[in-house]
Amino acid sequence: MERFPAKGEMVLSPALKELLESDSGALLRERLPDRIVGTIGESGLIGSAELAFYQGAEGLAPHIDSGRIARIDGYGTPNTTSERSDPVLLLLILVLFVVLLMPVAVFIAAAVRFGGERRDRRLAALRLVGSDSGMTRRIAAGEALAGAMLGLVFGAGFFMVGRQLAGTAEVFRISVFPSYLNPSPLLALLVAVAVPTAAVLVTLLALRGVVIEPLGVVRSGRPPRRRLWWRLLLPLAGLAMLYPMIGNGRENGDFNQYLVTGGVVLLLVGVTALLPWIVETVVARLGAGGVAWQLAVRRLQMSSGTAARMVNGIAVAVAGAIALQMLFAGAEEEYTRSTGQDVAWAQMEVTLPNAVPPAPAAERLRDTKGVNEVYDYSEGHLGDRARDPEATTTVTVGGCTALREIADLPSCAEGDVFAVHGAEWDSGVDVAKLAAPGRKLYLDPSYEGTPKSLEIPWTVPQGVKAAKPRHGLLAGIDRGGILITPKAVPDTLAPALEGHAYLRLDESVPDVHDRVRNTVAAVDPLANAVTWAETERSGRFDAIRTGLFVGAACVLALIGASLLVSQLEQLRERRRLLSALVAFGTRRRTLSLSVLWQTAIPVALGLLLASVVGLTLGTVLLKMTGTPVRVDWTGVLAMAGIGGAVVLAVTLLSLPPLLRLMRPEGLRTE
Amino acid sequence: MTPPAGSLLSAEQLRKAYGPTLALDGAEFSIHPGEVVAVMGPSGSGKSTLLHCLAGIVTPDSGTIMYGGRELSAMSDAERSALRRSEFGFVFQFGQLVPELTCVENVALPLRLNGTSRKEAERAALTWMERLEVDDLRKKRPGEVSGGQGQRVAVARSLVTNPRVLFADEPTGALDSLNGERVMELLTDAASSTNAAVVLVTHEARVAAYSDREIVVRDGRSRDMERVV
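Residue numbers (the numbering used here), protein chains in the order written: chain Y, 4 to 673; chain C, 64 to 292.
1. For the region 159–190 of chain C, list every residue whose C-beta sits within 9 Å of some C-beta in chain Y, in sequence order.
2. For my contact list, Y:H516 and Y:Y380 are in at a C-beta cut-off of 8 Å; report their separation, rounded to the angstrom.
3. List the endpoints of the continuous alpha helix (DSSP H) containing C:N242.
4. Counting only C-beta atoms, is C:F155 closer than 8 Å to chain Y at any point?
5. With a threshold of 16 other CB atoms inside 10 Å of the CB of Y:I75, please say whether the residue is buried or exposed.
6. Between which residues of its own chain and C:E91 is the CB-CB distance below 6 Å, once the five residues before and five after are set aside?
7. I need the straight-line Cα distance from Y:M244 to Y:V196, nearest angstrom please.
8. So which residues of chain Y does C:A118 contact, with C-beta pairs closer than 8 Å?
9. What span of residues does the beta strand (DSSP E) with Y:W600 cover, start to end?
10. Pick out the complete beta strand (DSSP E) segments inside the region 380–435 of chain Y, 3 residues or longer, and give them in chain order.
11. Nearest-angstrom Cα distance between Y:T44 and Y:L22?
12. DSSP has Y:Y445 in a bridge; who is on the other side?
13. Using the beta-carbon of each residue, which ones in chain C are nearer than 9 Å to Y:L580?
14. Is it the case that the Cβ atoms of Y:T534 and Y:Q350 are separated by a distance below 8 Å?
15. Going by CA-CA distance only, name the one from Y:E12, Y:A147, Y:L126, Y:I142 that's closest to Y:A112.
16. Return the CA-CA distance between Y:L594 and C:L72, expressed in angstroms with no decimal places.
17. For Y:S275 versus Y:N315, is the C-beta distance shorter than 8 Å?
18. Pull up the CB-CB distance for Y:R367 and Y:T488, whole angstroms please, since I reckon it's below 8 Å.
19. Do you know whose CA, among Y:Y246, Y:V282, Y:N251, Y:E376, lies nearest Y:L270's CA?
20. Is there a Cβ from chain C that is less than 8 Å from the Cβ of Y:L674?
21. In the DSSP output, which residue or residues are listed as bridge partners for Y:D538?
22. Compare the C-beta of Y:A311 with all C-beta atoms of chain C and state if any pair is closer than 8 Å.
23. Roughly how many angstroms separate the alpha carbons of Y:L723 and C:R204, rounded to a whole number?
24. Excluding the five sequence neighbours on either side, which residues of its own chain have a C-beta within less than 6 Å of the C-beta of C:N225, listed in chain order?
25. Roughly how many whole angstroms lie between the Cα atoms of C:A187 and C:P173?
26. Taking Y:S307 and Y:V282 to be in contact with their CB atoms under 8 Å, please state how far apart those CB atoms are, rounded to whole angstroms.
27. For my contact list, C:V167 and C:R194 are in at a C-beta cut-off of 8 Å; report their separation, rounded to the angstrom.
28. Using the Cβ count rule (16 or more neighbours within 10 Å means buried), how would you classify Y:S46?
29. Excluding the five sequence neighbours on either side, which residues of its own chain have a C-beta within less than 7 Å of the C-beta of Y:T371, listed in chain order?
30. Using beta-carbon positions only, say whether Y:L327 and Y:G273 come within less than 8 Å of one another.
31. Do C:V270 and C:M247 count as a contact pair if the criterion is CB distance below 8 Å?
32. Relative to the alpha-carbon of Y:I645, which residue among Y:L559, Y:A469, Y:A586 has its alpha-carbon at the smallest distance?
33. At a Cβ threshold of 8 Å, is C:R78 touching chain Y?
34. Work out the CA separation of Y:L567 and Y:L664 for me, nearest whole Å.
35. Kindly indicate the opening and closing residues of the alpha helix (DSSP H) around Y:L581.
36. What three-state label does DSSP hand Y:E21 in the structure shown?
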């Protein structure tokens with residue numbers, strides 16, 4: 004901020020400014036009517052889409068440290084929380100990173116093999132003009148290297164463009180400024196070295212089984228039958244690495260980061276090793292059905308490796324996601340706690356600053372569109388002594404209607420005082436003894452080591468009636484203490500009482516929560532309106548879960564794109580054949596269906612394997628955290644469904660080019 | 064239009080342009096059952112386009128094509144596809160066999176597309192492979208056979224449905240002369256045994272020699288060379 008806003012002025016984040024200037028910000032504008040005098044800079048925000056404002060005010064100093072107003076003397080020191088060292092959350096983060104990064108690595112390995120057949124034809128032409136076998140391989144490696152370098156240059160370009168665009172996007176409430184996307188030079192160097200190296204190695208590996216001969220002939224040497232034993236070693240080694248940590252549990256769960264990461268990586272790499280074997284073994288046994296099926300199966304039998312490579316990325320992502328889903332479902336209970344708020348009773352709660360009378364505020368809330376009923380109370384804290392009280396309880400001030408909502412009253416009239424006995428709220432406190440007529444109690448007592456409170460004396464009047472608690476309407480437990488109707492409250496108590504209003508809403512009214520917030524802001528800018536929820540979850544747990552969804556969405560989009568490229572590549576290479584097939588009368592439907600089968604068979608096998616590996620990994624992770632193993636079948640099906648949907652989408656997207664490639668133009672040779 | 068008397072397939076005033084290039088400019092054609100007609104001409108003269116139009120693969124911009132009393136250009140894509148499946152056969156220069164299917168499966172494919180059972184289709188395919196002397200290749204894939212053998216497999220495939228018209232576009236273009244002649248002998252013999260008409264696109268005089276009649280296409284126009292030959 005360039006300067007502090009004066010009273011009647013405010014400084015906004017760019018996103019909030021945009022919102023207030025848009026039509027959808029109309030309601031919010033009522034709450035923030037001040038003159039806009041500036042914009043909060045990037046260093047004062049946590050993301051480009053953050054909605055934040057600084058509003059000028061006067062007379063705040065006396066209220067500092069009252070719980071509502073705090074002095075900010077600096078930024079940038081994050082609060083440390085106890086969750087930081089939670090081993091389960093650490094485990095979640097480690098697995099999350101592995102699960103999200105592994106498919107990307109698999110994708111890169113598959114991507115460098117795009118265009119393989121065309122390259123082989125090109126290399127055959129080079130053999131014709133005298134290139135020997137070694138030279139041909141070196142040329143192929145050089146091509147891969149050049150391609151990878153070019154890819155890195157383009158990648159850097161796309162990154163720079165994407166970095167700028169990232170500032171305008173918000174995904175699952177996460178937004179960033181371009182300057183946040185600032186990779187460490189070491190990691191950037193690692194990528195710059197690893198990508199070309201991987202491209203060259205994978206190319207040389209792919210050429211291992213290919214005999215390139217002159218005269219344009221490229222013959223694949225019959226690939227050796229895939230062996231199972233070494234492929235099984237990878238997941239087994241992964242399990243062996245994770246095994247020592249089983250039963251470490253939550254409390255003493257000092258998980259070795261390297262073993263966890265290594266174990267999960269090996270298990271997931273196991274998917275990429277096992278899948279080609281499974282696809283080869285299964286498709287070799289598939290019988291011939293209709294023409295579409297036969298074309299697809301024969302194609303897969305001929306080159307099952309290509310199909311398995313296409314699916315590897317999806318399978319790894321789904322296996323990891325299933326395991327994480329299980330771990331999340333298992334850990335969710337631990338990180339979710341009940342708020343005790345009964346949303347059937349009220350849907351919003353308004354807290355007013357001390358000394359703001361709740362009754363007029365309640366009146367204004369009642370007039371708000373969408374508010375059906377308002378129960379207003381003033382609450383305070385009573386002690387038997389002015390300082391360091393031995394016995395304390397709450398005092399609740401409200402009209403008879405409102406008090407009847409929170410306790411069973413024998414009868415009620417203005418001027419009555421009640422003592423609620425046996426409430427869970429007051430465990431260990433004898434309210435009857437505390438509320439003995441004539442006894443002097445102190446509202447807002449002080450405690451040792453804290454600043455002096457108001458310590459307002461109040462004498463319990465005669466004729467206190469006994470009342471019974473009503474279960475769990477406020478804060479989930481029986482409310483107890485002393486209940487007083489407004490007429491029985493002397494004016495002197497007002498400064499120590501905090502106003503609350505509980506609202507029943509007609510939630511079908513659009514923007515009802517915002518309308519309430521507007522009314523509350525008009526009553527007092529320091530008043531607070533909260534929407535009730537039955538449960539609340541740990542913020543860090545939620546952040547990790549959100550990270551999973553964001554990451555999984557990005558990874559699946561990336562893999563989907565790679566699948567599409569690979570699919571189109573294959574189709575283009577078969578352009579002449581497709582045209583010839585259509586020329587002699589093959590239905591386009593038959594060919595489209597054959598493409599679908601060709602993708603669906605390896606995908607089904609990949610998802611099956613992914614489910615088995617995912618469930619195994621999930622079980623191991625749950626056992627590591629000492630959480631009872633429970634399979635969340637909905638999650639498994641959802642993850643497999645998402646994987647399947649990506650493939651279906653890829654098939655659908657490849658249909659228009661497929662139909663184009665089936666045109667007779669493919670037959671033209673001149 | 065009245066097709067020439069007794070003709071099975073005929074075309075009149077065919078025009079077809081690919082962008083600014085005029086491939087056919089008033090081409091004419093007719094063929095009788097059992098007749099072998101060679102369509103000749105230099106590269107880019109429009110002979111393949113004429114074949115594609117006659118076979119219903121490509122729709123001409125104007126002109127009429129009559130087959131068995133029906134106008135081809137008035138048929139829907141599905142009707143033309145069905146016609147190609149059941150009554151026409153095709154042999155192209157290369158790239159026509161499905162590489163992942165065995166040779167017998169390739170030959171049986173048109174029958175299977177017509178709904179014939181796999182067993183029956185492969186039995187019929189084997190009969191044709193024997194006639195074309197390639198039955199020993201039945202379990203091999205196209206990538207495992209020579210160019211001449213592959214072309215004979217393709218001829219077997221084009222004839223397996225007993226087509227009334229066989230379209231051959233440079234069927235020997237990728238073969239040496241010995242193999243080319245053998246393929247042409249087998250193709251014309253097999254076609255004549257089923258009384259199939261053969262539309263043979265070629266630019267080689269020795270291949271055209273297997274025809275009863277020649278048509279020369281130049282700059283998109285056709286000229287009947289019957290009397291010259």
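Backbone N, C-alpha and C define an ideal beta-carbon position, used for all residues, glycine too.
By the coordinates alone:
1. Flagged, chain order: Q159, L160, V161, P162, E163, L164, T165, E168, L172, P173, R175, L176, N177, R181.
2. Contact doesn't hold; Cβ gap of about 21 Å is too wide.
3. 240–256
4. At least one chain Y Cβ lies under 8 Å of C:F155.
5. exposed
6. E75, S285
7. 29 Å
8. A586
9. Segment 591–627 is the alpha helix (DSSP H) holding Y:W600; no beta strand (DSSP E) there.
10. Listed in chain order, they are 395–400, 420–423.
11. Rather than Thr, the amino acid found at residue 44 of chain Y in this sequence is Gly. Put simply, the backbone Cα of Y:G44 is about 17 Å away from that of Y:L22.
12. Y:G386, Y:P460
13. By Cβ distance, chain C contributes G158, Q159, L160, V161, P162.
14. Cβ distance < 8 Å, so Y:T534 and Y:Q350 count as in contact.
15. Y:A147
16. One alpha carbon belongs to Y:L594, the other to C:L72, and they sit about 29 Å apart.
17. It is worth fixing the name first, because residue 275 of chain Y is Thr in this sequence and not Ser. In contact: Y:T275 and Y:N315 (Cβ atoms closer than 8 Å).
18. The pair is not a contact, with the Cβ atoms about 22 Å apart (cut-off 8 Å).
19. Y:Y246
20. This structure does not reach residue 674 of chain Y, given that chain Y is present from 4 up to 673, and the question cannot be answered.
21. Per the sequence shown, residue 538 of chain Y should be read as Thr rather than Asp. Looking at the DSSP assignment, Y:T538 forms a beta bridge with Y:S341.
22. For Y:A311, the closest Cβ of chain C is not nearer than 8 Å.
23. Because chain Y in this structure spans residues 4 to 673, residue 723 of chain Y falls outside the shown range and cannot be described.
24. T257
25. If you take the alpha carbons of C:A187 and C:P173, they lie about 11 Å apart.
26. Distance from Y:S307 to Y:V282 at the Cβ level is roughly 5 Å; contact confirmed, criterion being Cβ atoms closer than 8 Å.
27. Not quite, the Cβ-Cβ distance comes to about 14 Å (not below 8 Å), so this is no contact.
28. By the C-beta density criterion, Y:S46 is exposed, having fewer than 16 other C-beta atoms within 10 angstroms.
29. Only R518, V519, T522 meet the Cβ criterion.
30. no
31. yes
32. Y:L559
33. no
34. 15 Å
35. 578–586
36. helix
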